[in-house]
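Working notes, structure below.
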Ligand SMILES: [Fe+2]
Ligand SMILES: [Fe+2]
């Protein structure tokens, strides 16, 4: 891999680009709203609050009032709805990984409807990867590129997306009875796993350290995914 080049001052510029991207990519209303909510610091406030309340909070839980249990459940529900960008992307990685595992099991089976099952799974893999690649390329990668110091990661990830898309297009032209159908889907699986490993081991840690508002970014990704689910 080529020697990495470093950015000089990504911090403030990245935040500005994040806000700019959130409004332009989403066509206005939602992006500004998401940035505004995030700007209020709600997410970080809750984590600071957990640490800050410390023993007082523990004491309330120990007493175990119904009210405190209720508040605990409410906080857990809110946390799931507010899953940040990296949490959301990791969950999608896991979902696609499971689809590849299901395909591998179907390819090993000799059931009468094996070909149909493989076609269904390959189609779902293709759909999920297209949506995932789109939200990364449209929203996450541009923001990350402005925030991290390693200038090679995003271009390399984008090239890897294109290679995966080429394989997906090839699979869509094939029949499950083709001699190389299973192998092609499995190579796509290996390719995606390699890409995911790089994102999770290299890109995501750098994005986490950048100070970007990942909750606001998560909201943008979730909203764009919802749009794409109706069209892809
Ligand atoms: Fe990716
Ligand atoms: Fe990804």
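In the working numbering, the protein residues as written are -8 to 223. Glycine included, C-beta positions come from ideal geometry on N, C-alpha and C.
Problem set entry | Nonlocal neighbours in the same chain, by C-beta distance under 7 Å from residue 175, ignoring five residues either side | Start at 1 with the first residue of the chain shown, and residue 175 comes out as number 184. Cβ neighbours of residue 175 beyond the five flanking positions: 158, 161, 162 and 165.
Exercise. Run through DSSP, which three-state label would residue 153 get?
Worked result: Counting from 1 along the chain shown, the entry for residue 153 is found at position 162. Helix.
Exercise. Could you give the distance in angstroms between the alpha-carbon of residue 189 and the alpha-carbon of residue 170?
Worked result: Taking the chain shown and counting its residues from 1, one reaches residue 189 at position 198. Taking the chain shown and counting its residues from 1, one reaches residue 170 at position 179. Their backbone Cα atoms lie some 31 Å apart in a straight line.
Exercise. Between the beta-carbon of residue 109 and the beta-carbon of residue 196, is there less than 9 Å?
Worked result: Against the chain shown, residue 109 aligns to sequence position 118. Against the chain shown, residue 196 aligns to sequence position 205. No. Outside cutoff.
Exercise. What residues in its chain sit with their C-beta under 8 Å from that of residue 182, if we drop five residues either side in the sequence?
Worked result: As a first step, residue 182 is located in the chain shown; it is residue number 191 there, counting from the start. If we look at residue 182 and ignore the five residues flanking it on each side, its Cβ neighbours are 151, 154, 155 and 158.
For this session: Assuming residue 228 and residue 79 form a contact by the criterion Cβ under 8 Å, report the distance between their Cβ atoms to the nearest whole angstrom.
Result: Any property of residue 228 remains undetermined from this structure, which presents the chain solely from -8 to 223.
Exercise. How would you write the range of the alpha helix (DSSP H) that residue 114 sits in, first residue to last?
Worked result: Residue 114 sits at position 123 when you count from the first residue of the chain shown. Element bounds for residue 114: 105 to 126.
For this session: Kindly indicate which residue of 89, 193 and 115 has the alpha-carbon position closest to the one of residue 142.
Result: On the chain shown, position 151 is the one that residue 142 refers to. When only C-alpha atoms are compared, the closest one is 193.
Problem set entry | The alpha helix (DSSP H) enclosing residue 301, as first and last residue numbers | Since the first residue of the chain shown is -8 and the last is 223, residue 301 is not available in this structure.
For this session: Please list, in chain order, all residues of the same chain as residue 105 whose beta carbon is under 7 Å from its beta carbon, the five residues on each side excluded.
Result: Translated into the one-based positions of the chain shown, residue 105 becomes position 114. Contacts found: 97.
Problem set entry | Whole alpha helix (DSSP H) elements within the stretch 178 to 211, 4-residue minimum | 195 to 200
For this session: Pull up the CB-CB distance for residue 205 and residue 76, whole angstroms please, since I reckon it's below 8 Å.
Result: Translated into positions along the chain shown, residue 205 becomes position 214. Translated into positions along the chain shown, residue 76 becomes position 85. So it is a contact: roughly 5 Å between Cβ atoms.
For this session: Would you tell me roughly how many angstroms separate the C-alpha atoms of residue 126 and residue 217, rounded to the nearest one?
Result: If you number the chain shown from 1, residue 126 lands on position 135. If you number the chain shown from 1, residue 217 lands on position 226. Rounded to whole angstroms, residue 126 to residue 217 spans 10 Å at the Cα level.
Problem set entry | Proximity of residue 212 and residue 130 at Cβ, strictly below 9 Å | For the purposes of this step, residue 212 is identified with residue 221 of the chain shown, where counting begins at 1. For the purposes of this step, residue 130 is identified with residue 139 of the chain shown, where counting begins at 1. Yes.
Exercise. Helix, strand or coil for residue 99 per DSSP?
Worked result: Taking the chain shown and counting its residues from 1, one reaches residue 99 at position 108. In this structure, residue 99 counts as helix in the three-state DSSP scheme.
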